[in-house]
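**Student:** If you read the sequence shown in the numbering used here, its first letter stands for residue 1, the second for the next number, and so on.
Each residue gets a CB set at the ideal place from its N, CA and C atoms; glycine is no exception.
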Amino acid sequence: MALNSEKEVKATEIARKVFLGEEPDVTPMEESPLGSAAVVGVAYITGALVPVLPVLVGAKDALFSVFTAGLMVVLVSTILSFLSGMDIKRRIVLNLVIITLAVSVSYGIGLAAKEVWGIAV
């Protein structure tokens, strides 16, 4: 938690100096667009593979995919809460609720598309 506060103070101090036209002590880090795209792409593919892995291993039921995805949400939520200083239980519940809502909306859109346009997956 103290580390977060220290970073916030530094960021505020740099922003103040830039606003006042002074030279900041630290130069802002420039990111490579290609490097950022590669990191996002790898993270996306890794995240998309997690619920598919049980099927690739031979699972016949969607329950294993749901369990694996939920386990990853809990793991990522724990890491994020630790890094941000947020309460771990609160972060896990928040992320599980958000994921559940997103999946429910996606499933509802799929049902509506099937009903309206006869699309079957």
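(1) Just to check my reading of the structure: I99 and V73 have Cβ atoms closer than 8 Å, yes? What is that Cβ distance to the nearest angstrom?
(2) Assign R16 to buried or exposed, taking buried as 16 or more other Cβ atoms, counted over all protein chains shown, within 10 Å of its Cβ.
(3) Output needed for L80: all residues of its chain with C-beta closer than 7 Å, excluding positions within five of it in sequence on either side, in chain order.
(4) Could you give the distance in angstroms between the alpha-carbon of I109 and the alpha-carbon of A69?
(5) Using the three-state DSSP reduction, which class does E8 fall into: helix, strand or coil?
(6) Near A48, what residues of its chain come up, given a Cβ to Cβ distance below 8 Å and the 5 sequence neighbours on each side ignored?
(7) Using DSSP with H/G/I as helix, E/B as strand and the rest coil, what is I98?
(8) Ends of the alpha helix (DSSP H) at I45?
(9) Just to confirm my understanding: we take P24, look at its own chain, exclude 5 residues before and 5 after, and list those with CB closer than 7 Å. What are they?
**Tutor:** Let me lay it out:
(1) 5 Å
(2) exposed
(3) R91
(4) Whole-angstrom Cα-Cα distance: 20 Å.
(5) helix
(6) Beyond the five residues adjoining it in sequence on each side, A48 comes within less than 8 Å, by CB distance, of no other residue in the same chain.
(7) helix
(8) P33 to L49
(9) I14, K17 and V18
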